[in-house]
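Chains as they are written, first to last, in this note's numbering: chain A, 5 to 314; chain B, 11 to 282.
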């Protein structure tokens with residue numbers, strides 16, 4: 005077994021690297037391409053019950069520190085997403101994580117039931133998208149009780165498929181959010197979603213560039229926030245964590261793992277590095293383990309919490 | 011280990027004044043902007059009309075520090091663009107994607123709006139003293155762009171109504187030329203059924219082809235996944251839009267219904 009192999013909520017993965025939701029995740033073909041490039045698992049773009057076209061362009065804007073996006077959760081709807089899940093599972097052995105989002109706990113439950121039927125390896129619950137506030141209000145991930153109700157509804161509908169709740173770093177207490185997820189049956193936590201939202205003004209015209217005016221901030225700018233968030237969640241709960249936010253090299257991934265993450269999401273960095281980044285970071289992690297004399301990635305997980313032990 | 015810089019300044023938004031508007035007819039115009047963007051033939055830029063939308067446009071020429079794009083009024087965005095006048099400020103980002111990679115003796119085949127990027131390509135081929143032939147098709151003479159420019163380079167024309175050149179499909183002209191002459195490469199841009207016919211022609215002739223594909227694009231930078239083809243899963247905005255014969259063999263939806271803005275497959279075949 006490879007030194008990078010892990011088990012996450014019972015799912016065997018050959019690498020801790022996960023394609024983060026929202027990047028190259030709409031079709032079975034693009035997900036398969038990323039899986040073959042070395043991802044330990046791939047996450048689909050979030051789907052809703054009904055199809056959504058999302059916001060008009062510009063909806064994705066690279067800037068010096070990362071990417072600003074307000075795609076607006078475009079997706080082909082539950083039926084379309086289920087068809088892609090089924091096609092992926094037919095043609096690729098790499099674990100597939102579905103991602104779902106809805107306007108109420110009840111709707112989350114109904115959607116989870118539909119998606120579970122298609123057989124993903126895990127269902128990630130997007131309760132923290134910052135780009136649809138005008139439509140859906142403040143994300144569930146700001147309120148532990150609301151988030152807990154969503155976790156319970158999804159868990160009840162998902163059967164034996166593990167459920168991960170995707171949190172935002174922007175809440176009063178990540179510890180209380182994580183505890184609410186655990187109490188309500190969540191099998192894992194994904195942290196963090198994009199930060200902000202932020203705004204980018206084109207000074208030539210004096211207008212915000214994104215059609216939605218504001219959008220989630222991702223990329224290197226948010227890595228330190230993600231590392232802190234994973235560290236706090238690891239202190240609060242024992243659930244497996246998919247640490248996501250700003251990772252673009254093996255050293256970034258190691259930071260999240262040492263903060264307590266079991267797996268590490270990669271998304272925006274594909275802009276600069278392409279999908280070859282998965283193989284590159286896998287090799288970087290292997291080199292690090294070899295040089296440090298560690299026989300598995302699990303040996304360095306949570307290392308940053310060592311100083312706090314008696 | 012060091013971090014990787016995500017900064018790619020070439021993809022920043024540049025607000026530029028329209029320098030010149032070239033009138034082809036009421037719903038077909040070229041727009042010149044005072045920045046070259048180092049674009050290669052076949053690459054595209056994202057054009058932003060503040061408050062309206064942002065759309066990808068292939069480059070119809072680059073000269074003396076200026077870039078030109080050519081657009082036809084088909085929807086709300088391109089209709090708004092038709093109203094733009096010299097001095098109006100629009101946003102441009104780019105260049106994006108992978109364009110044509112010229113080599114050997116080329117057959118350049120264009121249809122409809124697909125003619126626009128081929129104009130920049132033939133200017134480059136001419137500059138490089140490459141050997142090439144051109145065949146172009148459009149519905150009518152009025153829809154045929156840059157006729158003088160292409161005629162100077164010996165282009166043959168085909169129209170649906172016979173108002174310019176022969177009354178036939180452009181692919182018929184291409185097939186005949188392939189029987190009469192030897193080519194190393196077919197360059198193509200136009201409606202997808204035309205591209206499918208060109209791919210078959212290249213297969214039969216045993217030569218390579220470079221065809222420019224269209225899919226629904228949002229980000230232009232290979233992130234959102236809207237323009238990924240079925241099969242190989244590659245991004246048209248990043249690995250394309252110009253694909254070669256081996257790459258086209260792995261496009262499962264080549265000539266078939268594409269996906270719309272939601273990511274769902276459309277019911278009817280998409281036409282460029």
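Yeah, the Cβ is synthetic: ideal placement off N, Cα and C, and Gly gets one too.
Treat the numbers as computed from the prediction; the structure is a model and nothing was measured.
Closer than 8 angstroms by C-beta to residue 132 (chain A): which residues in its own chain qualify, once you throw out the five before and the five after it? Chain order, please. Translated into positions along the first chain, residue 132 (chain A) becomes position 128. Once the five neighbours on either side are set aside, the close Cβ partners of residue 132 (chain A) are 143, 144, 145, 170, 171, 172, 196 and 197.
Continuous beta strand (DSSP E) stretch holding residue 24 (chain B): start and end: What you label residue 24 (chain B) is simply residue 14 of the second chain in a count that begins at 1. Per DSSP, residue 24 (chain B) belongs to the beta strand (DSSP E) from 24 to 27.
Closer than 7 angstroms by C-beta to residue 87 (chain B): which residues in its own chain qualify, once you throw out the five before and the five after it? Chain order, please. One-based indexing of the second chain puts residue 87 (chain B) at position 77. Around residue 87 (chain B): 59, 62, 63 and 65.
Buried or exposed, going by whether 16 or more other CB atoms sit within 10 Å of the CB of residue 14 (chain A)? Taking the first residue of the first chain as position 1, residue 14 (chain A) is located at position 10. Residue 14 (chain A) comes out exposed.
Span separating the alpha-carbon of residue 72 (chain B) from that of residue 72 (chain A): Here residue 72 (chain B) corresponds to residue number 62 of the second chain, with the count starting at 1. Here residue 72 (chain A) corresponds to residue number 68 of the first chain, with the count starting at 1. Roughly 30 angstroms separates the two Cα atoms.
Which whole-angstrom value describes the C-beta separation of residue 70 (chain A) and residue 224 (chain A), a residue pair presumed to lie in contact below a C-beta threshold of 8 angstroms? For the purposes of this step, residue 70 (chain A) is taken as the residue at position 66 of the first chain. For the purposes of this step, residue 224 (chain A) is taken as the residue at position 220 of the first chain. That belief holds up - the Cβ atoms of residue 70 (chain A) and residue 224 (chain A) are roughly 5 angstroms apart, short of 8 angstroms.
Straight-line CA distance for residue 231 (chain B) to residue 49 (chain B)? Counting from 1 along the second chain, the entry for residue 231 (chain B) is found at position 221. Counting from 1 along the second chain, the entry for residue 49 (chain B) is found at position 39. Rounded to the nearest angstrom, the two C-alpha atoms are 15 angstroms apart.
Which of helix, strand or coil DSSP assigns to residue 163 (chain B): Your numbering for residue 163 (chain B) matches position 153 in the second chain. Correct three-state label for residue 163 (chain B): coil.
Quick one: is residue 67 (chain B) buried, meaning 16 or more other Cβ sit within 10 Å of its Cβ, or exposed? Taking the second chain and counting its residues from 1, one reaches residue 67 (chain B) at position 57. It counts as buried.
Would you identify the three-state DSSP class for residue 267 (chain A), choosing helix, strand or coil? Within the first chain, residue 267 (chain A) is the residue found at index 263, counting from 1. Strand at residue 267 (chain A).
Please identify the residue among A:6, A:64 and A:87 whose C-alpha is closest to the C-alpha of residue 21 (chain B). As a working mapping, residue 21 (chain B) is identified with position 11 in the second chain. Ranking the options by Cα distance to residue 21 (chain B), first place goes to A:64.
Assuming residue 131 (chain B) and residue 118 (chain B) are in contact, meaning their beta carbons sit under 8 angstroms apart, how far apart are those beta carbons, in whole angstroms? Residue 131 (chain B) sits at position 121 when you count from the first residue of the second chain. Residue 118 (chain B) sits at position 108 when you count from the first residue of the second chain. Contact flag correct, Cβ pair sits at about 6 angstroms.
For chain B, is any of its Cβ atoms less than 8 angstroms away from the one on residue 286 (chain A)? To locate residue 286 (chain A), count along the first chain from 1; it is residue 282. Not closer than 8 angstroms to any Cβ of chain B, the Cβ of residue 286 (chain A) fails to qualify, so no.
Tell me whether residue 176 (chain A) is buried or exposed, calling it buried when 16 or more other Cβ atoms sit within 10 Å of its Cβ. Within the first chain, residue 176 (chain A) is the residue found at index 172, counting from 1. Exposed, because fewer than 16 other Cβ atoms sit within 10 Å of the Cβ of residue 176 (chain A).
For residue 86 (chain B), which of helix, strand or coil comes out of DSSP? As a position in the second chain, residue 86 (chain B) is number 76, starting the count at 1. Looking at residue 86 (chain B) - three-state DSSP - the assignment turns out to be helix.
Pairs of beta-carbons, one from the segment 22 to 30 of chain B and one from the segment 94 to 110 of chain B, closer than 8 angstroms: are there three or more? yes
Bridge partners for residue 209 (chain B) per DSSP, in chain order? As a position in the second chain, residue 209 (chain B) is number 199, starting the count at 1. In the DSSP output, where bridge partners are listed per residue, residue 209 (chain B) has none listed.
Neighbour flag for residue 151 (chain A) against chain B, beta carbons, 8 angstroms: In the first chain, residue 151 (chain A) corresponds to position 147, counting from 1. No, no contact with chain B.
Residue 181 (chain B) lies in the alpha helix (DSSP H); which residues open and close that run? As a first step, residue 181 (chain B) must be located in the second chain, where it is residue number 171. Per DSSP, residue 181 (chain B) belongs to the alpha helix (DSSP H) from 180 to 190.
What does the alpha-carbon distance come out to for the pair residue 90 (chain A) and residue 84 (chain A)? Here residue 90 (chain A) refers to the residue found at position 86 when the first chain is read from its first residue. Here residue 84 (chain A) refers to the residue found at position 80 when the first chain is read from its first residue. Their backbone Cα atoms lie some 10 angstroms apart in a straight line.
Can you list the beta strand (DSSP E) stretches of 3 or more residues lying completely in the segment 237 to 309 of chain A, in chain order? 245 to 248 and 267 to 270
Considering only residues of the same chain and omitting the five flanking positions on each side of residue 163 (chain A), which have a CB-CB separation below 8 angstroms? Numbered from its first residue, the first chain carries residue 163 (chain A) at position 159. Closer than 8 angstroms at Cβ, skipping near neighbours: 120.
8 angstroms contact criterion, which residue 263 (chain A) and residue 229 (chain A) should meet: CB distance rounded: Along the first chain, read from residue 1 onward, the residue named residue 263 (chain A) stands at position 259. Along the first chain, read from residue 1 onward, the residue named residue 229 (chain A) stands at position 225. With a Cβ gap of about 11 angstroms, residue 263 (chain A) and residue 229 (chain A) do not count as contacting.
Check whether chain B comes within 8 angstroms of residue 53 (chain A), counting only Cβ atoms and requiring the distance to be less than that. To locate residue 53 (chain A), count along the first chain from 1; it is residue 49. No, no contact with chain B.
According to DSSP, what are the bridge partners of residue 127 (chain A)? Taking the first chain and counting its residues from 1, one reaches residue 127 (chain A) at position 123. DSSP lists A:102 and A:167 as partners of residue 127 (chain A).
In this structure, does DSSP put residue 175 (chain A) in helix, strand or coil? For this step, residue 175 (chain A) is matched to residue 171 along the first chain. Three-state result, residue 175 (chain A): coil.
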